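Asker:
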Amino acid sequence: MTIAVIGTFLPWLRSGSVFRDSHQTLGVLRRLLEPPPALDTILGAWPLLIPVPALAVLLYVIGLRATAAGVALFFSVLMGTATTVALVLGLNSTALIGLSGIGPITTLIGLALTVFGALDGLFHRVPQKS
């Protein structure tokens, strides 16, 4: 999950020689596009996904492994969907304004690792010490 979160702070948008991370990119999109209220709320919630991995780690530490795995999967599905949509719609290397691949790709790699770890946490039982 750490890799996924780090990916959100790497460059996502390239505008000439300026690069913006995902949080700055969403701020620009919200100002320029003036999305409908429902979409604006969703875009505004993007930074709120950052504390979710901390919650998953906390749940794991206190022994709620299945719940932690569920939270991690929820995080991965939400962030993975948004990142995939951004990649599919925006990766055009010839445009003056376009998607910078490093941030979204790093985020997707982190999310894939999170999914594997969460599924292992759900289906792999830790033997009890006697």
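Residue numbering for the sequence shown follows numbering that gives the first Met the number 0, starting at 0 and increasing by one per position. Built from N, CA and C at the ideal position, the CB exists for glycine as well. Predicted model only: the values in this text are computed from it and were never measured.
Determine, using beta carbons only, whether Leu42 and Leu25 come nearer to each other than 8 Å.
Answerer: The residue given as residue 42 occupies position 43 in the sequence shown. The residue given as residue 25 occupies position 26 in the sequence shown. Going by C-beta atoms, Leu42 is nearer than 8 Å to Leu25.
Asker: Hey, quick one: how far does the beta strand (DSSP E) through Gly62 stretch, first residue to last?
Answerer: In the sequence shown, counting from the first residue as 1, residue 62 sits at position 63. Here Gly62 belongs to no beta strand (DSSP E), and DSSP marks it neither H nor E.
Asker: Could you check whether the stretch 114-122 touches the stretch 59-69, counting it as contact only if at least three pairs of C-beta atoms, one from each stretch, sit closer than 8 Å?
Answerer: Result yes; three or more Cβ-Cβ pairs closer than 8 Å.
Asker: Taking the C-alpha atoms as reference points, what is the distance between Leu47 and Pro126?
Answerer: Taking the sequence shown and counting its residues from 1, one reaches residue 47 at position 48. Taking the sequence shown and counting its residues from 1, one reaches residue 126 at position 127. Cα-Cα distance, rounded: 35 Å.
Asker: Among Thr82, Ile96, Pro34, whose alpha-carbon lies nearest the alpha-carbon of Thr106?
Answerer: Start at 1 with the first residue of the sequence shown, and residue 106 comes out as number 107. Closest option to Thr106, Cα to Cα, is Thr82.
Asker: Fully enclosed by the stretch 69-95, which alpha helix (DSSP H) runs are 4 residues long or longer?
Answerer: If we require 4 residues or more, the stretch 69-95 turns out to have no alpha helix (DSSP H) run fully inside it.
Asker: Given this structure, state the Cα-to-Cα distance separating Lys128 from Gly62, to the nearest angstrom.
Answerer: Residue mapping note: residue 128 aligns to position 129 of the sequence shown, counting from 1. Residue mapping note: residue 62 aligns to position 63 of the sequence shown, counting from 1. The straight-line gap from Cα to Cα measures roughly 14 Å.
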